[in-house]
Every structure is written in structure tokens, then in C-alpha cells.
Amino acid sequence: MRLAAIETLGFRTVTFVTHLGRIAAFVGSIFVHSVRPPWRVRRLVGEVFDIGVLSLAIVCLSGATVGAVLGLQGYTTLSRFGAANSLGAVVGLSLVRELGPVLTALLVTGRAGSAMAAEIASMLTTEQLDGLRMMSIDPVDFVVKPKALAMLISMPMLNALFICFALFGGYVVGVKLLGVDGGTYITSMENAITWEDDVAGTLLKSFIFGALVGVIATYRGYTATPTSAGVSAATTGTVVVASVTILLFDYVITALWGV
Amino acid sequence: MSEPSVANLCARTESKSSRVSPELRILLEDVHLSFGGRPVYSKLSCGFPRGKISVLMGGSGSGKSTLLRLVAGLVRPDSGRILVADEDVTELSERELYRVRERIGMLFQHGALLDSMTIFDNVALPLREHTELSERDIAAEVSRRLTAVGLPDTEALMPRQLSGGMLRRAALARAIISDPEIVLCDEPFSGLDPLNVRRIERLLVELNERLGITLVITSHHIPSSLRMADLITFLVEGEAISGTPAELRVSTDKRVREFLDAERDDEPARPGAPT
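If you read the protein sequences in the order shown, they are chains A and B.
At position 143 of the first sequence (counting the first as 1) the number is 143 in the working numbering, and the numbers step up by one without a gap.
At position 91 of the second sequence (counting the first as 1) the number is 350 in the working numbering, and the numbers step up by one without a gap.
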């Protein structure tokens, strides 16, 4: 019984390390293809459109809603301590430092990351990736690289947009509905948020999250079992693994760099 | 080149030389392959002659498509050697395989066209990737190949807008657009009407005769196989039985006979069926 448990542990450890090795080789391959031609600009622009432009509606709407809720909750809490004038600072800091990059990454994972994994897994199932190999075209270069890079490029921009809409949502609720002075709201926000710590930090976070989601989604799709169930598993796995990884890395980044 | 016969082909495939003999373009030696513990081939040896049309036949699940994938380096055998144009593809890295594959065109069973691109972009892809041709020349070449497979005016369509048979013909146009030395065709006649079977058959024969392309075709279509093949290889229970169509027509091997006779139209119609 004890031996079986040790065997299972050993097997899982070996499987885990093997996976890590494969992911490292996969990331290395994406990197190598990214720094040498062909650059595949047209495909990259197309992917940025798919990930970025097609995510605009969900990101903007979610941003405005989150900002509005934050304004409402922040006002209620701060009013207890007579600090309602700090609403702008609380909403701004919460969004820029934490909620913006994390929620954007989770939203983009659900909308674009899962679609990315499903598309690559479907291409695997229908032999499209083998078709590319037979034309001496590396599927990592032709399919994976543009998708991963597009995620890297889109995530910070979507994060910025999410924060802008959330700040607007918080402003509408705090100033227009709850009566906080508009000037005070903006000034407290301006004073609280700094470029070096907060804005650079949020960009760093969203950049790292973009890289993580891009790699996880493409790797899951690329290594999927070539069946319908495999496509489904790749899609679900992408959302689950990427979401947990985003939250874990959020803690690590905050602990290491204080952003 | 003389017609390959069973006797001299077997003599060639059994030789253990490190190079493919001049007559053979593709040689499999003692290939063993299993999927999930189930053996597909054990000690399979066979060869496909240079500049000839070879047809692979056999029942469903006999490993015909897998054999093409082995030759293309898309599947690695458990053991054995696969020599393609003098190179052992089992020993090549993925990057080195790309060099070999530039000389091979492959038609997949379901086409494997990229569904996010138009038919034009799909067929043009090998030329755009590996040649310096201008877009004008590429457009002319794509149009010529699509017309040859009977698909003129389909350039702007997406793969999802074509039927299965049309998809396979567009995929054939893509497979041959770079004039490869070897073309591997996985079930090119499947799902085609008789007219298009004849059209594709003529195209393949023309490619072989005009450009000397070595063709390896998997097919269940016995009439076209017997018409066009220089060599037919039957895969039966992981074993290869090769011969010219004339030799196989008079073969006494029970397994070959059963397969060839299965499509003969000499069974009586069911009682009551209109005559």
C-alpha cells in the first residue's frame, strides 16, 4: 500500500517534470521563431484583431461594471470612517495595481485563450498541422508564434482599456450618483497613483499575464489529443490552468516587486 | 526502366545496403510499429520504385495511411529503417526532415487545407514560403493547378464552402504545386464521382509520365488502381505482398484474391430487385 503511494508520487513527479521540460522547449521554440524571419506580420495583425478587437466589448463592459461596483462599495466603506473624499484614490489604486490586470487576464483567458486552444487543437485533429509540416512549414512558426505574440501585445492594451472604463464607472457612481466632489475624486486619484510603482507595475503584470496565457493556450492546443474530447479538454484545461496560474503569479509578482 | 516484378522487387527490398537502390525511391526495412501495445507492423519490408506509380491496398485498418505517414516522417517507427531518396528519415531531426519534405508532396485523406485561408492562399502557400516567385506568377500557377484538378474559379472560396471531393482535389493541387519528386496520396479517389475519379487518375498518370514523379497512393478503388499502377502492394496482417497488376490478377494468394474478387459484379441481384 505504502509502496503503491510512493510509486504514484514518483510517476506524477516524473510526469510533471516531463511536462515542464516540454513547456520549456515549446517556449524556447516560440522565442527562437520570434527573433528571426519570417516575421509573419499579416498573421500577427490578424491575431491581434481576433484577441484584442473582438475582446473590446466584453473588456469595456466588464471594466465599467467593476468600476461602478468598486465605487459603490468603496463609498459605503469609506463613509464609515469619514473618508469618502479618498474614493478616487481607493478606486484608482485597486484598479491599477490589482483588479485591472488580474480581471482583464481572466476575461481574456475565457474569451480568447480558450478559443486559441480550441483552434489549434482542431487544426491538430484535422491534420492541418501535419499538412504544414509536409510543406516544410513549422507549425510553431506559422500558427503558434503569431497567436502567442498577439496575446502578449493585446493584454497590456486591453488592461489599459479595462482600467479606463472602470475609472469612468467608478466616477459615474461616486460623483454623479453618490455626490462625491468631482475635483476631489480626480485629485485624490492623481495624488495616489504614481507612474513608476503603479502604472509601470500594472503594465508589467499584464505583460507577464499575456505571456502566460499565450503559452498555456497554445501549448494546450498544440499537445491536445486529436479527438473531439481532446479539443474540449484542451479548451477547459486552458481556462482552468491559466486562471490559477494568473492568480498565483499575481501573488508572486506582488510579493517580489511590490506592485 | 523495366516493369518492376514481385521477384526483383523483393530481391531489392531484402538487400541491407545503406543506400536506396537506384530503382527504389522509398524503402522500408524491418519496420516495427505499434500503437498502445497493438502492433500495426512487425518486420515490414517493402519498396516503391523511382518514377513509378505504386498503389497501396488493403483492408481498413491495415496501416496504409500510417505507412504514408511513416514515409513522410510524421510517425516514427519503433524500430527499422525507412529510406526516402537516400536518407533514413527515422534518424533525422524535425528540422532535417523539413529539408527532405521539400521534395515530397502529400495529399491527406481529408485534405488538411487550412480552414482559415481561402483556396487560393492554401494552394499558393508552398510557393510563397519556399520560392521567390512574384504574386502574379504565383496567381497564374495556382490558377493552372486548380484548373488541372477541375476546380477553376474556386480561388476565393473558403475550404468549408467545398464538398469533400472538391476539398481533396484542391489539396491535390496544393500537394503538386511545387513539382515535388515524390507525391504521397492518401485515398485520392475516395468520395469522388466516376468522372472525377478518371480526371484525378489522368492527372496523376500525367504527373508521373511528364515529370517522372514517384507516386505512392493508398486506395480502395480497385479498377483505377489496376489501370494506373506500375506496382501494387497489399498490406495484409502487417505483411506486404507486392506485384504488378498483371501478376496480382493471377495471384494465388488467398488474401489477395479475396480482396480483388470482393468488387466483382458477378453476384446475383437480391430477389425482387428490378433488373
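The beta-carbon is built from N, C-alpha and C at its ideal position, and this holds for glycine as well.
Which same chain residues end up closer than 8 Å to residue i when comparing Cβ atoms and leaving out the 5 residues on each side of it in sequence?
| i | result |
| --- | --- |
| Pro-146 of chain A | Arg-40, Arg-43, Leu-44, Gly-46, Glu-47 |
| Leu-466 of chain B | Ile-435, Val-442, Ile-472, Leu-474 |
| Tyr-75 of chain A | Ala-84, Leu-87, Val-173, Gly-174, Leu-178, Val-180 |
| Ser-437 of chain B | Glu-361, Gly-364, Pro-385, Leu-386, His-389, Thr-390 |
| Trp-257 of chain A | Gly-201, Leu-204 |
| Val-299 of chain B | Leu-292, Ser-293, Gly-322, Thr-325, Gly-497 |
Rounded to the nearest angstrom, what separates residue i and residue j at their Cα positions?
| i | j | result |
| --- | --- | --- |
| Thr-126 of chain A | Thr-13 of chain A | 32 Å |
| Asp-138 of chain A | Leu-129 of chain A | 8 Å |
| Ala-233 of chain A | Phe-26 of chain A | 19 Å |
| Thr-227 of chain A | Ile-58 of chain A | 30 Å |
| Thr-184 of chain A | Asp-50 of chain A | 39 Å |
| Leu-426 of chain B | Lys-176 of chain A | 59 Å |
| Ala-532 of chain B | Thr-390 of chain B | 58 Å |
| Ile-30 of chain A | Gly-214 of chain A | 11 Å |
| Leu-416 of chain B | Asn-191 of chain A | 57 Å |
| Gln-73 of chain A | Met-155 of chain A | 27 Å |
| Val-96 of chain A | Thr-202 of chain A | 6 Å |
| Pro-37 of chain A | Val-140 of chain A | 13 Å |
| Ile-378 of chain B | Glu-414 of chain B | 5 Å |
| Val-464 of chain B | Arg-387 of chain B | 27 Å |
| Phe-162 of chain A | Ala-255 of chain A | 24 Å |
| Arg-328 of chain B | Leu-519 of chain B | 25 Å |
| Ser-313 of chain B | Leu-9 of chain A | 51 Å |
| Lys-275 of chain B | Gly-322 of chain B | A caution first: Lys-275 of chain B carries a pLDDT of 37, below 50, which makes its placement in the model unreliable, though a value can still be read off. Roughly 23 Å between the two C-alpha positions. |
| Thr-245 of chain A | Ile-285 of chain B | 48 Å |
| Leu-351 of chain B | Arg-111 of chain A | 39 Å |
| Ser-136 of chain A | Val-359 of chain B | 9 Å |
| Gln-420 of chain B | Arg-2 of chain A | 59 Å |
| Leu-392 of chain B | Leu-93 of chain A | 55 Å |
| Met-376 of chain B | Ile-397 of chain B | 16 Å |
| Ser-277 of chain B | Arg-340 of chain B | With a pLDDT of only 41 at Ser-277 of chain B, under 50, the local geometry of the prediction cannot be trusted, and the value read off the model is given with reservation. Going by the C-alpha atoms only, they are around 10 Å apart. |
| Leu-485 of chain B | Pro-504 of chain B | 5 Å |
| Val-143 of chain A | Gln-368 of chain B | 22 Å |
| Cys-305 of chain B | Val-330 of chain B | 11 Å |
| Asp-250 of chain A | Val-102 of chain A | 7 Å |
| Ser-264 of chain B | Leu-507 of chain B | Confidence at Ser-264 of chain B is low in this model, with a pLDDT of 43, below 50, so its placement is unreliable and the value that follows should be read with caution. Cα-Cα distance, rounded: 10 Å. |
| Leu-20 of chain A | Val-231 of chain A | 21 Å |
| Arg-404 of chain B | Leu-462 of chain B | 10 Å |
Going along chain A in order, which residues have a C-beta closer than 7 Å to the C-beta of residue i?
| i | result |
| --- | --- |
| Pro-385 of chain B | Met-135 |
What does residue i pair with, by DSSP beta-bridge criteria?
| i | result |
| --- | --- |
| Val-343 of chain B | B:Ile-285, B:Glu-346 |
| Ala-499 of chain B | B:Leu-494 |
| Asp-445 of chain B | B:Thr-477 |
| Val-53 of chain A | Note: Val-53 of chain A sits in no beta bridge, so no partner. |
| Ile-312 of chain B | B:Leu-474 |
| Ser-338 of chain B | B:His-291 |
| Cys-305 of chain B | B:Leu-287 |
| Phe-367 of chain B | B:Gly-370 |
| Arg-297 of chain B | B:Phe-294 |
Excluding the 5 residues flanking residue i on each side, which residues of the same chain have their C-beta closer than 6 Å to its C-beta?
| i | result |
| --- | --- |
| Asn-381 of chain B | Leu-372, Leu-373, Arg-433 |
| Glu-460 of chain B | Ser-483, Met-487 |
| Gly-332 of chain B | Val-348, Leu-356 |
| Phe-493 of chain B | Met-316, Gly-317, Ile-500, Val-515 |
| Phe-165 of chain A | Cys-60, Gly-63, Ala-64 |
| Val-241 of chain A | Ile-216 |
| Gly-450 of chain B | Gly-423, Gly-424 |
| Leu-431 of chain B | Leu-366, Val-408 |
Go through its chain and collect everything with a Cβ distance to residue i's Cβ below 7 Å, but skip five positions before and after it.
| i | result |
| --- | --- |
| Ile-186 of chain A | Gly-88 |
| Tyr-219 of chain A | Ile-23, Phe-26 |
| Ala-68 of chain A | Gly-169, Gly-170, Val-172, Val-173 |
| Phe-448 of chain B | Val-456, Ile-459, Ser-478, His-480, Ser-483 |
| Ser-301 of chain B | His-291, Gly-497 |
| Leu-158 of chain A | Gly-52, Ser-55, Val-59, Thr-104, Val-108 |
Please determine whether the Cβ atom of residue i lies at a distance below 6 Å from any heavy atom of the ligand HEM.
| i | result |
| --- | --- |
| Asn-85 of chain A | For the structure depicted, the ligand HEM is absent and the ligand set is empty, with no information on it obtainable. |
Taking 7 Å as the CB-CB limit, is residue i close to chain E?
| i | result |
| --- | --- |
| Arg-335 of chain B | In the structure shown, chain E cannot be found, because the protein chains are A and B. |
Chain A partners of residue i, CB-CB under 9 Å?
| i | result |
| --- | --- |
| Arg-461 of chain B | Near Arg-461 of chain B there are no residues of chain A at all, since even the closest Cβ is about 24 Å away, more than 9 Å. |
| Glu-388 of chain B | Pro-38, Met-135, Ser-136, Ile-137, Phe-142 |
| Arg-360 of chain B | Arg-133, Met-134, Met-135, Ser-136 |
| Ala-331 of chain B | Asp-130, Arg-133, Met-134 |
List the residues of chain A that residue i touches, going by C-beta distances under 8 Å, in chain order.
| i | result |
| --- | --- |
| Ala-344 of chain B | The premise fails here: Ala-344 of chain B is roughly 14 Å from chain A at the closest Cβ pair, so nothing lies under 8 Å. |
Exercise for the section: Could you run through the region 124-142 of chain A and flag, in chain order, every residue whose CB is less than 9 Å away from some CB of chain B? Expected result: Result list: Thr-126, Glu-127, Gln-128, Leu-129, Asp-130, Gly-131, Leu-132, Arg-133, Met-134, Met-135, Ser-136, Ile-137, Asp-138, Phe-142.
Problem - Cβ-based contacts, 9 Å cut-off: residues of the region 364-378 of chain B near chain A - result: Residues of the region 364-378 of chain B with a C-beta less than 9 Å from any C-beta of chain A: Gly-364, Met-365, Phe-367, Gln-368, His-369, Gly-370, Ala-371, Leu-372, Leu-373, Asp-374, Ser-375, listed in chain order.
Problem - Residues, ordered as in the chain, of the region 299-314 of chain B that lie near chain A by beta-carbon distance below 9 Å - result: Residues of the region 299-314 of chain B with a C-beta less than 9 Å from any C-beta of chain A: none at all.
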